[in-house]
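**Student:**
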Amino acid sequence: MKLIPCAVLFLGGLILSSDYGNLKQGGYDHKLVALCGVILFLVFATAFLHILSNTVGKVIIANKLGVGRAAAIQFVLRLFGYLAILFTTLDHVGVPVGHLLLGSAVLGIILCVEAQKALANFLARIVLIISHPFTVGQEVTLVSGALGGTYVGTITEIGLTHTHLRDKKGDLIAFPNSTLLTGCTIRLAKADENEAA
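With the first letter of the sequence shown counted as 1, position 137 gets the number 136 in numbering that gives the first Met the number 0; the numbers rise by one all the way through.
1. In its own chain, which residues sit with a C-beta less than 6 Å from the C-beta of Gly-56, not counting the 5 before and 5 after it?
2. Count the C-beta pairs between the stretch 166-173 and the stretch 125-139 that are closer than 8 Å, then say yes if the count reaches three, no if not.
3. Can you tell me whether DSSP reads Leu-187 as helix, strand or coil?
4. Mind listing, in chain order, the continuous beta strand (DSSP E) runs of no fewer than 3 residues lying wholly within the stretch 113-172?
5. Less than 9 Å between the beta carbons of Thr-45 and Ile-108, yes or no?
6. Evaluate the contact criterion for the stretch 168-182 versus the stretch 121-132: three or more CB pairs, one atom per stretch, below 8 Å.
7. With a CB to CB cut of under 8 Å and the five nearest residues on each side skipped, what residues in its chain are close to His-161?
8. Is it buried or exposed, Ala-33, if we count other Cβ atoms within 10 angstroms and call 16 or more buried?
9. Using a Cβ-Cβ cutoff of less than 8 Å, which residues in the same chain neighbour Glu-96 once the five nearest sequence positions on both sides are dropped?
10. Near Leu-171, what residues of its chain come up, given a Cβ to Cβ distance below 8 Å and the 5 sequence neighbours on each side ignored?
11. Please go through the same chain and pick out, in chain order, the residues whose beta-carbon is closer than 6 Å to the beta-carbon of Ala-188, but skip the five residues on each side of it.
12. Can you list, in chain order, the residues of its chain whose CB lies under 6 Å from that of Val-142, leaving out five sequence neighbours each side?
13. Using the C-alpha atoms, what's the distance from Thr-54 back to Leu-99?
14. Using 9 Å as the threshold, is the C-beta distance between Leu-76 and Ser-52 below it?
15. Nearest-angstrom Cα distance between Val-94 and Ile-50?
16. In the structure shown, what three-state DSSP assignment does Ala-195 receive?
Have a look at this one:
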């Protein structure tokens, strides 16, 4: 199994770079060892993250929880993993991470306020994939006052910001993911309910 050797090398790089501090201290030998530790940490932490997320995805798929859920969980795991690797690497190189975090927090607040609806739809997509109220190819009835009534059709895609439904007439209708999550009742077709039972 690749996970254990990669984890050992990842921890070795982390310990080596931590023991020798950042690259701004000490002589050339000290800086060379610290640089090797940082490079080892970066390479093996990235490899460890990929192997870990792939293993988690395979376990989720093996437990029949679905490819969509596996992809969503892998995405979240890799996002937070890469951020942790980035900030740890910058800290070992000697970049003041506190200033970066403060600047990132302020920028994040500004972006979140400006892109609130788009982010709400994107995050709703992740929740829809994990909670799994319907799947692509499944026939559903969507009932919502916010969406303008009742829609019956087949789910064709769960996109980044919208879920697409092909109705009985053949028209393709795009629904915002956040509205589906918070302001909509979803009824599954009777055939699907019998299969679930």
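Idealized CB from N, CA, C, for every residue including glycine.
All values derive from a computational prediction rather than experimental measurement.
**Tutor:** So, from the listed chains and residues:
1. For the purposes of this step, residue 56 is taken as the residue at position 57 of the sequence shown. Closer than 6 Å at the Cβ level, and outside the excluded window around Gly-56, lie Ala-69, Gln-73.
2. no
3. Here residue 187 corresponds to residue number 188 of the sequence shown, with the count starting at 1. Strand.
4. 138-143, 148-157, 161-166
5. As a first step, residue 45 is located in the sequence shown; it is residue number 46 there, counting from the start. As a first step, residue 108 is located in the sequence shown; it is residue number 109 there, counting from the start. Not closer than 9 Å, so no.
6. yes
7. Start at 1 with the first residue of the sequence shown, and residue 161 comes out as number 162. Excluding positions up to five away in sequence, the list reads Asn-120, Ala-173, Phe-174, Pro-175, Asn-176.
8. Position 34 of the sequence shown, counting from 1, holds the residue named residue 33. So Ala-33 counts as buried.
9. On the sequence shown, residue 96 is found 97 positions in, with the first residue counted as 1. Correcting the residue identity first, residue 96 is Val in this sequence and not Glu. Taken in chain order, the residues that qualify are Phe-86, Leu-89, Asp-90.
10. For the purposes of this step, residue 171 is taken as the residue at position 172 of the sequence shown. Taken in chain order, the residues that qualify are Thr-155, His-163, Leu-164, Arg-165.
11. The residue you call residue 188 lines up with position 189 of the sequence shown. Around Ala-188: Glu-138.
12. Indexing the sequence shown from 1 puts residue 142 at position 143. Within the same chain, Val-142 has close Cβ partners Thr-149, Thr-184.
13. Translated into the one-based positions of the sequence shown, residue 99 becomes position 100. Translated into the one-based positions of the sequence shown, residue 54 becomes position 55. Looking at the two C-alpha atoms, the distance is approximately 32 Å.
14. For the purposes of this step, residue 76 is taken as residue 77 along the sequence shown, with counting starting at 1. For the purposes of this step, residue 52 is taken as residue 53 along the sequence shown, with counting starting at 1. Yes, the pair counts as a contact, with Cβ atoms nearer than the cut-off.
15. Position 95 of the sequence shown, counted from the first residue, corresponds to residue 94. Position 51 of the sequence shown, counted from the first residue, corresponds to residue 50. For Val-94 and Ile-50, the distance between alpha carbons rounds to 28 Å.
16. Taking the first residue of the sequence shown as position 1, residue 195 is located at position 196. For Ala-195, the pLDDT reaches just 44, beneath the cut-off of 50, and the residue's location in the model is therefore unreliable, leaving the point undetermined.
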